[in-house]
Every structure is written in C-alpha cells, then in structure tokens.
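One line per chain: the protein sequences are A and B, in this order. What the first sequence shows, in the numbering used here, is residues 1 to 492, in sequence order. What the second sequence shows, in the numbering used here, is residues 1 to 95, in sequence order. C-beta atoms are modelled at their ideal positions from N, C-alpha and C, and glycine is treated no differently. Just so you know, these numbers come straight off a predicted model, no measurement behind them.
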Amino acid sequence: MTDPISLTLAEARDLLRSRAMSSKELTEAHLSAMAAARGLNAYVLETPDKALAMAAASDQKLAKGEGGPLEGLPLGIKDMFATEGVRTTACSAILENFVPVYESTVSSHLWRDGAVMLGKLNNDEFAMGSSNETSRFGPVVSPWRRKGDTAKLVPGGSSGGSAAAVAAGLCLGATGTDTGGSIRQPAAFTGTVGIKPTYGRCSRWGIVAFASSLDQAGPFARTVRDSAILLRAMAGHDPKDTTSVDLPVPDYEAAVGRSVKGMKIGIPKEYRVDGMSDEIEALWHQGAEWLKAAGAEIVEVSLPHTKYALPAYYIVAPAEASSNLARYDGVRYGVRVPGHDVTEMYEKTRAAGFGREVRRRIMIGTYVLSAGYYDAYYRRAQQVRTLIKRDFEACFEAGVSAILTPATPSAAFGIGEKVSGDPVEMYLNDIFTVTVNMAGLPGIAVPGGLDAKGLPLGLQLVGRPFDEETLFSLGETIEQAAGRFAPERWWA
Amino acid sequence: MSVDAATVRRIARLARIAVEDDEVEHLQGELNAILAFVEQLSEVDVTGVEPMTSVTPMVMKKREDVVTDGEIAELVVKNAPATEDNFFLVPKVVE
Chain A
1 MTDPISLTLA EARDLLRSRA MSSKELTEAH LSAMAAARGL NAYVLETPDK
51 ALAMAAASDQ KLAKGEGGPL EGLPLGIKDM FATEGVRTTA CSAILENFVP
101 VYESTVSSHL WRDGAVMLGK LNNDEFAMGS SNETSRFGPV VSPWRRKGDT
151 AKLVPGGSSG GSAAAVAAGL CLGATGTDTG GSIRQPAAFT GTVGIKPTYG
201 RCSRWGIVAF ASSLDQAGPF ARTVRDSAIL LRAMAGHDPK DTTSVDLPVP
251 DYEAAVGRSV KGMKIGIPKE YRVDGMSDEI EALWHQGAEW LKAAGAEIVE
301 VSLPHTKYAL PAYYIVAPAE ASSNLARYDG VRYGVRVPGH DVTEMYEKTR
351 AAGFGREVRR RIMIGTYVLS AGYYDAYYRR AQQVRTLIKR DFEACFEAGV
401 SAILTPATPS AAFGIGEKVS GDPVEMYLND IFTVTVNMAG LPGIAVPGGL
451 DAKGLPLGLQ LVGRPFDEET LFSLGETIEQ AAGRFAPERW WA
Chain B
1 MSVDAATVRR IARLARIAVE DDEVEHLQGE LNAILAFVEQ LSEVDVTGVE
51 PMTSVTPMVM KKREDVVTDG EIAELVVKNA PATEDNFFLV PKVVE
C-alpha cells in the first residue's frame with residue numbers, strides 16, 4: 001500500500017470515501033511523520049489529541065456516508081490563524097501565551113467541511129519576512145537541500161512552516177497568508193503549489209492582522225487540484241469582515257483539467273529585471289512554451305509601474321502594520337513588562353515583545369504616517385498603487401486572461417545568508433509577487449522545475465479579479481508539463 | 001529624506017517602543033536604507049491620480065444597529081495580563 005503521507009489530498013479523500021483507509025490511519029501516519037521531522041521546526045505546536053479526536057469523529061461520519069468535502073483529511077494551520085482553545089502566537093514573543101476564545105472564519109470553514117487539525121505552523125513574526133528567520137521559535141529548515149550539500153536552506157516566508165510541512169509530507173495541505181508574497185514565494189522555494197486569491201475572497205476575520213488592505217489567506221498543497229479543493233472550503237462571504245465579498249464560490253476543482261486553448265497569456269517585459277539568472281529566464285520561457293503547446297496564445301504586455309511596486313509596498317505595509325500592531329500594549333492580551341507609569345509599561349512591553357524586523361517596520365510605518373510626512377510618503381504610495389492597478393486593468397481590457405512571470409528572482413538561499421546587512425536585500429525576494437497584492441489580484445505559484453543545484457523554481461500566474469478558476473486551469477497545464485517535485489527524506 | 005538620531009528617538013516615542021542608546025545608530029542606518037529605497041517613488045508623476053482606498057470597488061457594507069454579541073466579559077478579559085472583576089488593570093494614570 002502507498003505510504004499515507006505521500007498521497008495527494010485528492011487521493012486521500014477518495015480512499016477515505018471508499019473506506020479503503022480510515023482517517024485514524026491517515027492522521028496517525030502524519031503525526032509520526034511530524035514527530036520524526038521536528039528538526040525541520042515546521043510546527044510550533046502539535047495537537048495530536050485534538051487531531052485524533054477529530055479523526056475519530058470523521059471516521060464515524062464517513063461510516064454513515066455523511067462526510068463533508070474534506071472529511072478526515074489532516075491539515076496544518078499557520079500560526080497567524082486564531083484557533084479556539086489552541087495557542088496562537090503569530091510566532092511573536094508578545095503573544096506567547098495567547099489562547100484565542102474564537103476561531104478564524106477560514107479555519108472554521110475547514111472544520112465545517114470535516115478537516116482534521118494536526119497543529120500550528122511556523123511563520124515569520126507577524127508574517128513579516130521572506131525566509132521564516134524572524135520567528136520567535138527560530139527558523140524553519142527547508143526539506144530541500146542542494147545536491148551533494150548538507151547546508152540548511154530557508155523554505156521562504158512568511159509561511160515557511162506551511163510550505164516546509166506540505167513539501168515534507170507533514171500534512172496534506174496547509175493554510176497560509178500572503179501580504180506581499182508570503183504564500184507564493186515559499187511555495188516556489190519548496191516545490192509546492194500556493195495560491196493567493198483575490199482580495200476579499202477569503203475572510204480576514206480571526207487572522208492576526210499585518211497590513212489589512214493587502215492580507216489574504218490561501219492554501220498550500222502538493223498539487224494544483226489539492227489547492228483548488230482547499231480554496232473552495234476556505235473562501236466565502238463573511239459578514240464579520242466588511243471587505244469579504246458576497247460572491248458565490250465556484251467549484252474550483254472543476255476548473256482543473258479545463259482546456260486553456262485560445263487563452264491569451266501576457267508576458268510582462270518589465271519583469272525581465274537586471275541580474276535575473278539564466279535559469280529563471282529559461283524557466284519563464286519554458287513556461288510560456290508549455291502554455292503555447294496547450295493552445296494558449298502568448299503576447300508581450302507592458303506593466304510600466306512594476307519597478308515602483310516594491311518601494312510603494314514598503315510604505316503601505318509598514319504604515320498599516322504600525323496601526324494594526326498598536327493593539328499590542330500589554331493591557332488586553334499578550335505579555336506585559338511592568339513600568340512605573342502606563343507609557344513606560346507600553347514602551348517596555350513593545351520593546352521586549354516585538355523582534356527586530358517587526359520593530360523596524362513599526363518605526364518606518366510610524367514615520368511615514370507622522371505629521372508633515374503623510375503626503376510625501378503614504379499618499380504618494382497609494383497614488384502609485386492606483387497606477388499599478390491601472391497597468392493590470394489595461395492588460396485585461398486588451399483580452400489577456402492571465403499573466404505569466406517567474407515567482408521569485410532566485411531559488412532558496414541558506415539560513416543566515418541574508419540576515420546581516422541591508423534589510424532591502426531581503427525585501428527584493430518579493431519583487432515579482434508584491435505587485436499582485438498591491439492590485440488585489442489572484443496569483444498562483446506552481447513548480448516549474450529544478451535548478452542546476454537541484455532546488456525547485458516556481459512560476460507565477462496572475463489573473464483577473466475573482467477569476468481563480470483560470471489560474472487553476474493554467475496552473476494544472478504547467479503541472480502536467482513540468483511534473484511534480486519532492487525532496488529526498490534526509491531528515492527522518 | 002533621511003532621519004537623524006533625534007528623529008529616531010522621536011519615532012520610537014510615537015511608536016511606544018523603548019529604544020536603548022546603543023541601538024539608535026544601528027536603527028538610524030536601517031531606517032535610512034529603507035527610506036533611500038522608497039525615495040524612487042518621487043520620480044513617478046502622480047498628478048491628478050486618486051490615491052487607492054480599496055482594491056475592489058465596493059460599497060461599504062452596513063447592518064442594522066442592533067446588539068449581536070456580548071455578555072461575555074469573562075472571555076474578553078481571559079487573555080489579559082492583569083484583571084480584577086472583569087476589568088483590565090493598568091498602572092495608575094491619574095495622580
């Protein structure tokens with residue numbers, strides 16, 4: 001029989017439905033794989049008792065033929081999602097003992113549909129980072145290594161634990177959040193599939209807020225089909241989030257395998273950045289060839305304001321973060337460091353509770369919003385954002401169905417390689433993904449191949465607002481051509 | 001634009017984050033690196049461009065002004081570091 005942790009989510013679903021396997025067996029296999037992979041540091045909290053109880057309940061439902069769409073399937077949850085009665089920290093010291101009394105809407109949808117929770121997954125502190133090295137629980141080690149080399153690599157970030165766990169077979173799928181690339185960049189680094197849906201598709205209620213106009217939840221999985229199955233469960237209108245849209249959620253799985261013949265795919269010339277490696281360039285070209293072979297038409301498009309997306313992001317995101325993170329004051333929840341008056345208590349609490357990257361971003365955000373600087377920075381950045389969105393709208397109005405780009409400017413790098421110097425060097429990781437958040441569009445990262453050192457590289461497809469279906473169809477076309485990639489299990 | 005040491009201290013004060021004297025110089029360097037990076041936005045012509053307020057055009061959702069939640073004071077204060085009779089406790093703020 002196949003090793004249960006090597007199954008895709010769709011395969012496991014079908015085995016459970018036909019009663020060829022129980023949720024208990026499937027869940028136990030994942031719990032042992034997690035125990036053997038603690039060196040990767042993907043989970044910051046394992047919830048085996050809860051997992052087994054949920055699996056037992058699922059097996060009863062499956063026996064009666066009453067299972068939901070995800071009945072009995074074990075998943076991991078990024079530690080940015082509030083889980084009722086289960087410690088939720090955003091991987092920050094300031095929330096180290098926070099136990100929510102409510103459940104995030106997205107995770108509640110997964111449990112509604114029968115999924116089993118294995119535990120909480122590591123991420124960069126408050127999702128601020130591109131390597132999972134800012135977590136207060138320490139870095140996640142990628143299950144991928146360079147050929148003939150044992151150096152530890154990052155899985156990307158901020159959803160590094162989710163990406164690593166999915167790639168290493170420590171869950172069938174996982175939730176992530178994406179503010180500037182935090183789903184797509186780690187998916188690309190680990191050979192997994194990650195989709196950031198259109199802003200408003202998933203409710204943000206119960207997700208620890210980073211930058212509210214950019215944050216979106218989305219799934220990680222090992223195949224495009226699996227990610228489509230998960231997004232259907234996660235998405236949906238929520239009256240508790242005023243930015244959640246009241247639109248029906250399509251059957252995304254039905255879009256997997258649909259023909260892409262006749263679709264017009266845009267290749268934006270501005271993404272050909274200086275210093276892009278030949279391998280990334282070749283992969284991008286290959287991706288276009290695969291889509292062309294499937295009947296799509298490839299056209300060059302122009303997104304002239306692309307180069308301004310990252311600098312505008314580093315004004316908008318810290319500004320919103322400085323406002324959102326004002327709530328961590330040592331009064332209502334989280335840790336408190338005493339002071340002789342209330343101001344000193346706030347200042348000491350926040351200095352001790354936030355890590356360096358978070359403090360830095362709060363300070364940048366505070367500065368750009370401060371009196372006299374608002375127009376020069378924040379207002380201008382939001383104007384540039386309008387221009388970025390118009391660039392995309394012009395492409396879509398010209399009949400382009402989706403835009404194809406590389407997901408990242410390079411393959412994964414080593415742990416500790418980019419933490420010392422200039423913070424901007426780390427920020428450049430998100431150069432291809434951040435435009436998509438600025439415009440609120442859906443974007444999917446799918447594995448395209450391995451580089452010369454044997455590390456995964458990803459391609460990104462960007463779609464029209466609320467047209468995630470096209471991305472699943474195109475993503476699967478690339479998956480069929482590129483194949484799937486799994487790391488060797490050196491850690492177990 | 002770049003920030004000096006006094007500005008770093010002022011921002012830290014506004015952000016309610018205590019900063020030690022020996023951290024100021026390092027922070028100043030990091031903040032200036034980021035500010036130098038975002039400086040390129042000044043070359044964009046934004047004349048007459050509306051600042052974005054919402055990525056998807058949507059009408060603000062409204063609901064009836066009625067009580068939909070409440071009577072859960074114990075849950076509200078459950079994660080607080082210091083409470084008494086379902087009130088949050090803070091250091092004395094009024095002399």
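8 Å Cβ cutoff met for residue i and residue j
| i | j | result |
| --- | --- | --- |
| residue 193 of chain A | residue 416 of chain A | no |
| residue 224 of chain A | residue 472 of chain A | yes |
| residue 308 of chain A | residue 3 of chain B | no |
| residue 369 of chain A | residue 319 of chain A | yes |
| residue 244 of chain A | residue 200 of chain A | yes |
| residue 361 of chain A | residue 128 of chain A | yes |
| residue 261 of chain A | residue 294 of chain A | yes |
| residue 191 of chain A | residue 485 of chain A | yes |
| residue 322 of chain A | residue 268 of chain A | no |
| residue 457 of chain A | residue 279 of chain A | yes |
| residue 405 of chain A | residue 462 of chain A | yes |
| residue 8 of chain B | residue 31 of chain B | yes |
| residue 37 of chain A | residue 121 of chain A | no |
| residue 110 of chain B | residue 83 of chain B | There is simply no residue 110 of chain B to check, as chain B begins at 1 and stops at 95 in what is shown. |
| residue 265 of chain A | residue 402 of chain A | yes |
| residue 153 of chain A | residue 73 of chain A | no |
| residue 79 of chain A | residue 106 of chain A | no |
| residue 30 of chain A | residue 234 of chain A | no |
| residue 114 of chain A | residue 69 of chain A | yes |
| residue 147 of chain A | residue 389 of chain A | no |
Local conformation of residue i per DSSP, three classes
| i | result |
| --- | --- |
| residue 117 of chain A | strand |
| residue 292 of chain A | helix |
| residue 138 of chain A | coil |
| residue 15 of chain A | helix |
| residue 83 of chain B | strand |
| residue 174 of chain A | strand |
| residue 402 of chain A | strand |
| residue 427 of chain A | helix |
| residue 197 of chain A | coil |
| residue 392 of chain A | helix |
| residue 387 of chain A | helix |
| residue 38 of chain B | helix |
| residue 46 of chain A | strand |
| residue 189 of chain A | helix |
| residue 507 of chain A | Nothing about residue 507 of chain A can be read from this structure; chain A reaches only from 1 to 492. |
Residue i, buried or exposed, once every other Cβ within 10 Å from all chains shown has been counted against 16
| i | result |
| --- | --- |
| residue 26 of chain B | exposed |
| residue 438 of chain A | buried |
| residue 20 of chain A | exposed |
| residue 311 of chain A | buried |
| residue 131 of chain A | buried |
| residue 12 of chain B | buried |
| residue 94 of chain A | buried |
| residue 340 of chain A | exposed |
| residue 490 of chain A | exposed |
| residue 54 of chain B | exposed |
| residue 185 of chain A | buried |
| residue 378 of chain A | buried |
Identity of the residue in the options nearest residue i by Cα
| i | options | result |
| --- | --- | --- |
| residue 188 of chain A | A:455, A:12, A:329 | A:455 |
| residue 273 of chain A | A:218, A:410, A:165, A:173 | A:410 |
| residue 256 of chain A | A:238, A:59, A:231 | A:231 |
| residue 412 of chain A | A:156, A:488, A:315 | A:156 |
| residue 334 of chain A | A:324, A:349, A:344 | A:349 |
| residue 92 of chain A | A:99, A:136, A:83 | A:136 |
| residue 142 of chain A | A:436, A:414, A:50 | A:414 |
| residue 313 of chain A | A:251, A:337, A:330, A:215 | A:215 |
| residue 39 of chain B | A:63, A:384, A:469, A:446 | A:384 |
| residue 49 of chain B | A:24, A:81, A:118, A:381 | A:381 |
| residue 32 of chain A | A:14, A:16, A:51 | A:51 |
| residue 337 of chain A | A:354, A:359, A:324 | A:354 |
| residue 151 of chain A | A:40, A:89, A:163, A:159 | A:40 |
| residue 196 of chain A | A:426, A:444, A:134, A:83 | A:444 |
| residue 25 of chain A | A:479, A:42, A:58 | A:58 |
Check your understanding: At which residue ranges does the stretch 207-245 of chain A contain complete alpha helix (DSSP H) runs of 4 or more residues, listed in the order of the chain?
Key -> With a minimum length of 4 residues, the continuous alpha helix (DSSP H) runs that stay inside the stretch 207-245 of chain A are 224-234.
Practice item. At 3 residues or longer, and completely inside the stretch 59-132 of chain A: list those beta strand (DSSP E) runs for me, N to C. Key: Correct list: 74-78, 116-121.
Check your understanding: Unbroken alpha helix (DSSP H) runs of length 4 or more, entirely within the stretch 254-305 of chain A: which are they?
Key -> Within the stretch 254-305 of chain A, the complete alpha helix (DSSP H) runs of at least 4 residues are 278-293.
Review point. Unbroken beta strand (DSSP E) runs of length 3 or more, entirely within the stretch 304-365 of chain A: which are they?
Key: Correct list: empty.
Exercise for review: Output the residue ranges of the beta strand (DSSP E) runs that lie fully inside the stretch 407-479 of chain A and measure 3 residues or longer, sorted by chain position.
Suggested key: 443-450, 456-463
Point to revise | 3 or more residues per run - each beta strand (DSSP E) lying fully within the stretch 6-79 of chain B | key: none
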